[in-house]
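Visitor: Take this structure, written in structure tokens, and hold onto it; I'll ask about it next.
There are 2 protein chains.
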Amino acid sequence: MARAPQVLKGMRDFLPEQMLLRQHVLSTFRGVFERYGFEPIETPVIEYLETLTGKYGEDEKLIYSFQDRGERNVGLRYDLTVPLARFVANHRNDLTFPFKRYHIAPVFRADRPQRGRYREFWQCDADIVGTKSMMADAEVVSVWIDALSAINMPGFVVHINHRKLLMSLAEVAGVPDDQTPTIHRAIDKLAKIGEDGVLKEMQSNGIPEDAARRVLDLVSITGEPGEVFDELARRLAGNSMAEEGISEMRSLFDFLDKMGADSSHYTLDLTLARGLDYYTGPVFEAMSVDANIGSLGGAGRYDGLVGMFSGEDLPATGCSLGLERIFDVIQEKNLVAAPSTVSKVLVTVFNGDTIGESLALVGELRRAGVESDIYSGEKFDLRRQLQYANRKGIPRTLILGPDEIQTGQVIVREMSTGDQQSVDRANVAEAIHSALRADRAAD
Amino acid sequence: MARAPQVLKGMRDFLPEQMLLRQHVLSTFRGVFERYGFEPIETPVIEYLETLTGKYGEDEKLIYSFQDRGERNVGLRYDLTVPLARFVANHRNDLTFPFKRYHIAPVFRADRPQRGRYREFWQCDADIVGTKSMMADAEVVSVWIDALSAINMPGFVVHINHRKLLMSLAEVAGVPDDQTPTIHRAIDKLAKIGEDGVLKEMQSNGIPEDAARRVLDLVSITGEPGEVFDELARRLAGNSMAEEGISEMRSLFDFLDKMGADSSHYTLDLTLARGLDYYTGPVFEAMSVDANIGSLGGAGRYDGLVGMFSGEDLPATGCSLGLERIFDVIQEKNLVAAPSTVSKVLVTVFNGDTIGESLALVGELRRAGVESDIYSGEKFDLRRQLQYANRKGIPRTLILGPDEIQTGQVIVREMSTGDQQSVDRANVAEAIHSALRADRAAD
């Protein structure tokens, strides 16, 4: 074969250095989720196609689907929410409710690949199923804040709105329900195009000017959340949908405050209009103040979805982090220090006669808990071995030639400086351990 | 929808308790691989079909394949070795050789599902690419031994043979090369069906009795590996293929000894005949002495495969652990203690008026690093909350009703005994930390 096949467009290999960063971030996220009592689950990559269809609207065409050998129609996992709903319906009797789970796994979309958008990408979701309590919504907002804080994400804010408030806007404007999406699309752009822009967009889509102004006045109320809720309650008095939304939002913000969630990381945003098809209560979107970063994930309460499978009422709420975007930002901004290699030391091999001594040393170091590589190439050229350590970023090499073996010594070479130091063979493991302690203290 | 769709046959969901065990085992394996300087990589689930075809012989029909929306023929990852070969060919210039990688990921086979055999299952491979040195083979055998030891796998032994020794058997027997597979199939059963059985099987497949006896005499040589190699060298003198095999095996066993690999966990097995299509040097199989457990994984040296993609000679060797089998054994034999839940404590909620106090407490515990759940159900029935903790296996619950809030106390309840103890609200985090320390000390 003259030329090796590549990976498909929109799919990626990850080299060790990228993987070490990804593993570090995922392990950080797992730690945060588990500190909140969220527990891991896993579902298959392949599902019956009927499990996936009828859930994603027009985007359904992006599902990777095919017939398997048994002529079953199957599809590849498109997100982690629909599999969760199917999972809960299948395992109802083995789960304890409210059921808190996190799931970190790749999903597949036959989308047009472009910068930052992939056909196979990882999602990271935390959801609570089986309760309508706003405590659950406070849990998912707070775990999100802690997860993004744990990776040093700069200046992010979780924007919070409520679907029932959004739905009441059409009533407020006095226009038919089917114009609600037009209103949402317009107000969602308020920060970008300003009041005049929003007014124009609504009018050009057939909303009368006075109706558009009523909507705009409402979503432009400013102040502390409590004040905004009071003002909304006055203006929307008698609108039962709005009253329910306001009451739930009051609880949610109160709970976040009581939990000690950092209020600089969440905000009421009456213009946030995401995910209407799906959500039934609070909706969330994590955004960076850095415009180049943008959205870091979105989510909300979806009380109907699990019931589609189980036939029973199982309310649910959750959050979903856009992992690929987060990895990109971490790399661009250098947010997290992950090592470039796993090995703390490379044991070199002087020549064919000294392989045994080098193997004995590397075995001893590993048993002492030091991540240790040994050069296993066929040629025992020391320069080549030091180059191997340098290219991989291994900080120290150990050299034991016939002279050192004779005198019971090992040379420890600091790769960053080239400094070399002789250490008694019996004390090598301890010398490396103490060098590693010094490295950590210097960090 | 009256009845929820299920998962496909041969595919599985994993509940939190299973996932916690799986994550614990995978994290143990990662730790062992990294102690040896193996580094993680990841490849896509979907590959061009041409990458996968022509590598698996007759089993190729088990590849999940389909046309994507762009009418490209694609297939789901069938193992981790072929993707490695494609990866190395694609990223040659970004890798440092010898390239040591591990890869833990699900693979897909449209096989007939049966007990212990799944259509989606996880593999766990460690390979070294770019060296013919037997040091690399010693590394993969030793990392296998350490990985299986780290999960307390009882009585396992890595059986080692060499393809060149296996190939020389036809010459020894004086039969045509195309009878080699017949010989291998027969001797592979020696432990099971005995010498007579093996002789009969060879004869019934057309191998003359004296030829069959010559083969059997050879593979029945016993003794320390060094003695066996000496005896083989005498008997096979002049057979250049056998001589190469013997010389490499001497190095491999010498290197394992020098590294300090535990010799009770590896053995020379001249009857081991796995994977002939693929392997070019040493072949390995990890087996449990417990017949109910059987094979835990297999592997060997495959110097030709990477070259199929890169057009260059890139020798490689590796090992592959059968993760699903290992998980099954761990569960059956209770080899590894993994917790049933992530949470160390459940904060209960007394009533609607005390939610804030409970949220403040759970927030504080989490910030103090204690994995803490809070009951977020809609009903504040204490019995129901204790049941939630019991079902999940959360060891302690915290109770703070109006009386405790008044007096600045929190009740800590030990779920295993029902013992309750009052603790000053200010000291709860420290009390839980010290209880956890006591739990660990008692383990």
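Read top to bottom, the protein sequences are chains E and B. All letters in the first sequence, in the order written, are residues 0 to 442 by numbering that gives the first Met the number 0. All letters in the second sequence, in the order written, are residues 0 to 442 by numbering that gives the first Met the number 0. Backbone N, C-alpha and C define an ideal beta-carbon position, used for all residues, glycine too.
Can you check the stretch 85 to 127 of chain B for any beta strand (DSSP E) of at least 3 residues that lies completely inside it and give the ranges in chain order?
Guide: Whole beta strand (DSSP E) segments, 3+ residues: 98 to 107.
Visitor: Given a limit of 8 Å on CB to CB distance, which residues of the stretch 237 to 253 of chain E reach chain B?
Guide: Those would be Asp253, in chain order.
Visitor: Would you mind telling me which residues of chain B sit closer than 9 Å to valine 44 of chain E, beta carbon to beta carbon, in chain order?
Guide: The answer, in chain order, is Met10, Val44, Leu75, Pro105, Phe107 and Glu119.
Visitor: From alanine 428 of chain B to leucine 51 of chain B, what does the alpha carbon distance come to, in whole angstroms?
Guide: Each residue's Cα considered, the two are about 54 Å apart.
Visitor: Give the range of the beta strand (DSSP E) segment to which isoleucine 40 of chain B is assigned.
Guide: Note, isoleucine 40 of chain B: premise wrong, no beta strand (DSSP E); not H, not E.
Visitor: Cβ of methionine 0 of chain E less than 8 Å from any chain B Cβ?
Guide: Because the pLDDT of methionine 0 of chain E is 44, which lies under 50, any placement of that residue in the model is unreliable, and the question is left without a value.
Visitor: Excluding the five sequence neighbours on either side, which residues of its own chain have a C-beta within less than 8 Å of the C-beta of glutamate 370 of chain B, listed in chain order?
Guide: Answer for glutamate 370 of chain B: Val341, Ser342, Lys343 and Val344, listed in chain order.
Visitor: Contact between the stretch 205 to 217 of chain E and the stretch 165 to 185 of chain E: three or more CB pairs below 8 Å?
Guide: Flag = yes, the stretch 205 to 217 of chain E and the stretch 165 to 185 of chain E touch.
Visitor: Mind listing the chain B neighbours of isoleucine 127 of chain E? Cutoff is C-beta to C-beta under 7 Å, in chain order.
Guide: Those within 7 Å of isoleucine 127 of chain E in chain B are Ser375.
Visitor: Thinking alanine 232 of chain E and alanine 172 of chain E are a contact (beta carbons under 8 Å), I'd like their distance in whole angstroms, please.
Guide: Alanine 232 of chain E to alanine 172 of chain E, Cβ: 18 Å. No contact.
Visitor: Mind the definition here: the stretch 2 to 15 of chain E touches the stretch 80 to 98 of chain B only if three or more C-beta pairs lie below 8 Å; say whether that holds.
Guide: At 8 Å Cβ cutoff, the stretches touch.
Visitor: Under 7 Å Cβ-Cβ, which residues of chain B neighbour glutamine 384 of chain E?
Guide: The premise fails here: glutamine 384 of chain E is roughly 11 Å from chain B at the closest Cβ pair, so nothing lies under 7 Å.
Visitor: Could you tell me which of E:Ala185, E:Leu334, E:Asp418 and E:Met248 sits nearest to leucine 385 of chain E, measuring between CA atoms?
Guide: Looking at the Cα atoms, E:Asp418 is the closest of the given residues.
Visitor: For the 8 Å Cβ check, are there 3 or more pairs between the stretch 57 to 68 of chain E and the stretch 356 to 369 of chain B?
Guide: Flag = no, the stretch 57 to 68 of chain E and the stretch 356 to 369 of chain B do not touch.
Visitor: Grab me the residues of threonine 130 of chain E's own chain with a C-beta within less than 6 Å of its C-beta, minus the 5 sequence neighbours each way, in chain order.
Guide: If we look at threonine 130 of chain E and ignore the five residues flanking it on each side, its Cβ neighbours are Pro97.
Visitor: Count Cβ pairs between the stretch 308 to 319 of chain B and the stretch 102 to 112 of chain B that sit closer than 8 Å; are there 3 or more?
Guide: Counting Cβ pairs under 8 Å, fewer than three are found: no touch.
Visitor: Contact defined as beta carbons within less than 8 Å: I believe glycine 317 of chain E pairs with leucine 295 of chain E. What is the distance between those atoms, to the nearest angstrom?
Guide: Incorrect: roughly 15 Å between the Cβ atoms, too far for contact.
Visitor: Give the straight-line distance between the Cα atoms of leucine 235 of chain B and isoleucine 220 of chain B, rounded to the nearest whole angstrom.
Guide: Rounded to the nearest angstrom, the two C-alpha atoms are 13 Å apart.
Visitor: Hey, would you say glutamate 515 of chain E sits closer than 8 Å to alanine 185 of chain E, going by beta carbons?
Guide: No answer is possible for residue 515 of chain E: it lies beyond the span of chain E, which begins at 0 and ends at 442.
Visitor: In three-state DSSP terms, what is isoleucine 182 of chain E?
Guide: DSSP places isoleucine 182 of chain E in helix when its eight states are reduced to three.
Visitor: From the beta carbon of methionine 156 of chain B, is the nearest beta carbon of chain E less than 8 Å away?
Guide: The identity of residue 156 of chain B in the sequence shown is valine, whereas the question assumes methionine. Cβ-Cβ to chain E under 8 Å: no for valine 156 of chain B.
Visitor: Looking at chain E, which residues of the stretch 30 to 43 of chain B have a Cβ within less than 7 Å of any of its Cβ atoms?
Guide: Hits within the stretch, in order: Glu33, Arg34, Tyr35, Gly36, Glu38, Pro39, Ile40, Glu41, Thr42 and Pro43.
Visitor: Check the Cβ of lysine 391 of chain E against every Cβ in chain B and list those closer than 8 Å, keeping chain order.
Guide: Thr95, listed in chain order.
Visitor: What would DSSP say about methionine 0 of chain E, mapped onto helix, strand or coil?
Guide: Summary for methionine 0 of chain E: the model assigns pLDDT 44, below 50, so the residue's position carries little reliability; its value from the coordinates is reported in the next sentence. Coil, per DSSP.
Visitor: What's the gap between the Cα of valine 411 of chain B and the Cα of threonine 396 of chain B?
Guide: Cα to Cα, valine 411 of chain B sits roughly 6 Å from threonine 396 of chain B.
Visitor: Report yes or no: is there a C-beta of chain E within less than 8 Å of the C-beta of histidine 23 of chain B?
Guide: It does not: the Cβ of histidine 23 of chain B has no partner Cβ on chain E nearer than 8 Å.
Visitor: What is the DSSP secondary structure of threonine 353 of chain E, counted as helix, strand or coil?
Guide: Three-state DSSP puts threonine 353 of chain E in a helix.
Visitor: Take glutamate 323 of chain B as the anchor and find which of B:Thr80, B:Lys8 and B:Arg116 has the nearest alpha-carbon.
Guide: The residue with the shortest Cα to Cα distance from glutamate 323 of chain B is B:Arg116.
Visitor: Using only CA atoms, which one of E:Leu94, E:Met240 and E:Lys257 lies nearest to glutamate 170 of chain E?
Guide: Taking only the C-alpha atoms, the option nearest glutamate 170 of chain E is E:Met240.
Visitor: Please report the straight-line C-alpha distance between leucine 215 of chain B and asparagine 333 of chain B, rounded to a whole angstrom.
Guide: If you take the alpha carbons of leucine 215 of chain B and asparagine 333 of chain B, they lie about 40 Å apart.
Visitor: Can you find a CB in chain B that lies within less than 8 Å of the CB of threonine 353 of chain E?
Guide: It does not; no Cβ of chain B falls within 8 Å.
Visitor: Return the chain-ordered list of same chain residues with a C-beta closer than 8 Å to the C-beta of aspartate 261 of chain B, the five sequence neighbours on each side being excluded.
Guide: Answer for aspartate 261 of chain B: Ile144 and Ser148, listed in chain order.
Visitor: Give the list of continuous alpha helix (DSSP H) stretches no shorter than 4 residues that lie fully inside the stretch 137 to 174 of chain E.
Guide: Listed in chain order, they are 162 to 172.
Visitor: Please look up how many angstroms separate the CB atoms of glycine 254 of chain B and arginine 21 of chain B, rounded, as I've assumed it's under 8 Å.
Guide: The residue you asked about is not glycine; residue 254 of chain B is phenylalanine in the sequence shown. Going by Cβ atoms, the distance from phenylalanine 254 of chain B to arginine 21 of chain B rounds to 33 Å, so no, they are not a contact pair.
Visitor: Which first and last residues belong to the alpha helix (DSSP H) in which threonine 266 of chain B is found?
Guide: Counting along the chain, threonine 266 of chain B falls outside any alpha helix (DSSP H), though it belongs to the beta strand (DSSP E) covering 265 to 267.
Visitor: Give the straight-line distance between the Cα atoms of serine 375 of chain E and valine 335 of chain E, rounded to the nearest whole angstrom.
Guide: Approximately 32 Å, taken between the alpha carbons.
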